[in-house]
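For the protein sequence lines, the chains are S and F, in the order given. Take 4 as the starting number for the first sequence in this note's numbering and just add one per residue. Take 4 as the starting number for the second sequence in this note's numbering and just add one per residue. Here's the structure we're looking at; comments come further down.
There are 2 protein chains.
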Amino acid sequence: MAEPITQSENLLFLTDDQVRKGIEAMFFAYRGFTADPDRILETMDYGRAHHRAVHFIHRSPGTTVGNLLAILGVTKQSLNRILRTLFEDGLVEARVGKKDKRERHLYLTEKGRELERALSDAQRARMRAAYRAAGPQAVQGFRTVLEAMMDPEMRRQYLGLKEAGA
Amino acid sequence: MAEPITQSENLLFLTDDQVRKGIEAMFFAYRGFTADPDRILETMDYGRAHHRAVHFIHRSPGTTVGNLLAILGVTKQSLNRILRTLFEDGLVEARVGKKDKRERHLYLTEKGRELERALSDAQRARMRAAYRAAGPQAVQGFRTVLEAMMDPEMRRQYLGLKEAGA
DNA sequence: CTTGGAATGTCAACAAGGCTGACGTAAAAT
DNA sequence: ATTTTACGTCAGCCTTGTTGACATTCCAAG
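Right under this line is the structure:
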């Protein structure tokens, strides 16, 4: 903390080096961010891809494969490989759409919800600890910067998820 | 230097859902964070692994292979595959250590520095834009939360890099 | 009713970049 | 003199991304 700290007055006079520190902070923090779920997942032959799928299905129950594709930003082949294993292992189930029968609406099973809970408990614990250590103002700033860092399209989805599920 | 806040920390009353939003913010923001360098890298048959190596060699010129291994958290086989292509393409050079001749000290060549510049310019532009949009206090909070989110070991390395580039 | 296109599944092949294991070599440390 | 350290390398495996091609089902428009 020995820097010429940019007080609230000194409007964004940031050296390349200060910005670089932000970049490295993102790098190291993201590792921490994924570390706990990764440990759980690796004991059951799953990876981050499964985690992401489970997370967003939990977040928006009944979402379609197409929606999930858009949110995750991967190809359908890639997603399908993941979903298949989740179906086979009975963590996720797909229901044919009532209105449009081509669509598959995705839901977590009880078993799927258990995994989701385990994963997000672990991740939330770290988040909470970080929030607690940093304090409320820091949390606000954290979220603000992250939002500003997203691609507009992602931000739209992020904000969309905030209110309306599916 | 963010002491005065700590009193209100008991008021850090955050629902699981609020914390989840932080989690999703990390996910989407990280995508934005890597998007610009990724676009540059893919035009030249490189990936994020190359980016990371180039970044940290630039950050700590003369660092050894072992150091890099510790920072990046990968196996030497994995790192070696990356380094080999960087040597072959003349972006990085290795000098045998003077004191300890077993060690290889890594340096960017002029060509390597050019790539590093291109990559970090792109990444910094987004960071700066986010910082500008969010404001100075937010930036402070952003960094504080990220630091708190790191594994202790990573935090040590992050803080270590902050002062002494070796 | 037929047909075009959308939503989905699936097969095959490939690449990047992780991993482990095993082995080699030079140099430092004991 | 021996062991340990730092590094390189070969070989093989896994996950998760990619493209391309093709089948199915079904909505919607002509």
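C-beta atoms are modelled at their ideal positions from N, C-alpha and C, and glycine is treated no differently. All of these numbers come straight from a predicted model, not from anything done at the bench.
Is residue i helix, strand or coil by DSSP?
i	result
F:Glu156	helix
S:Thr37	helix
S:Ala151	helix
S:Leu17	coil
Report buried or exposed for residue i, applying the criterion of at least 16 other Cβ atoms within 10 angstroms of its Cβ.
i	result
F:Ala73	exposed
F:Phe145	buried
F:Ala28	buried
S:Arg127	buried
F:Pro155	exposed
S:Ala133	buried
F:Thr46	exposed
S:Gly138	buried
F:Asp39	buried
S:Val99	exposed
F:Phe16	exposed
F:Glu117	exposed
F:Arg23	buried
Could you tell me whether the Cβ of residue i comes closer than 7 Å to any Cβ of chain S?
i	result
F:Gly35	yes
F:Gly144	yes
F:Leu75	no
F:Gly115	no
F:Asp124	no
F:Val22	yes
F:Ala32	yes
F:Arg127	yes
F:Ala52	no
F:Ala136	yes
F:Asp154	yes
In whole angstroms, give me the CA-to-CA distance for residue i and residue j.
i	j	result
S:Leu122	F:Lys114	43 Å
F:Thr66	S:Asp103	59 Å
S:Leu162	S:Gln21	29 Å
F:Gln80	S:Gly50	21 Å
F:Gly93	F:Thr112	7 Å
F:Arg129	S:Lys101	43 Å
S:Arg135	S:Tyr33	18 Å
S:Phe36	F:Val148	11 Å
F:Glu91	F:Arg84	11 Å
S:Glu119	F:His108	44 Å
F:Val68	S:Gln140	40 Å
F:Leu75	F:Gly25	25 Å
F:Leu82	F:Arg55	10 Å
S:Thr88	S:Val95	9 Å
S:Met153	F:Arg105	44 Å
S:Phe59	S:Arg159	15 Å
S:Tyr110	S:His61	7 Å
S:Ala151	F:Phe30	13 Å
S:Ala52	S:Val142	27 Å
S:Arg42	S:Asp48	11 Å
F:Ala125	S:Thr78	26 Å
F:Asn70	F:Met157	13 Å
S:Val57	F:Ala97	44 Å
Of all the CB atoms in chain F, is at least one closer than 7 Å to the CB of residue i?
i	result
S:Asp41	no
S:Gly65	no
S:Tyr161	yes
S:Leu149	yes
S:Phe2	Residue 2 of chain S is absent from the structure shown; chain S starts at 4 and stops at 169.
S:Ile26	yes
S:Val57	no
S:Met47	no
S:Ala133	yes
S:Gln140	yes
Continuous alpha helix (DSSP H) assignments of at least 4 residues falling wholly in the segment 72-103 of chain F: 79-91
Every unbroken beta strand (DSSP E) inside the segment 104-133 of chain F [3 residues or more]: 107-111
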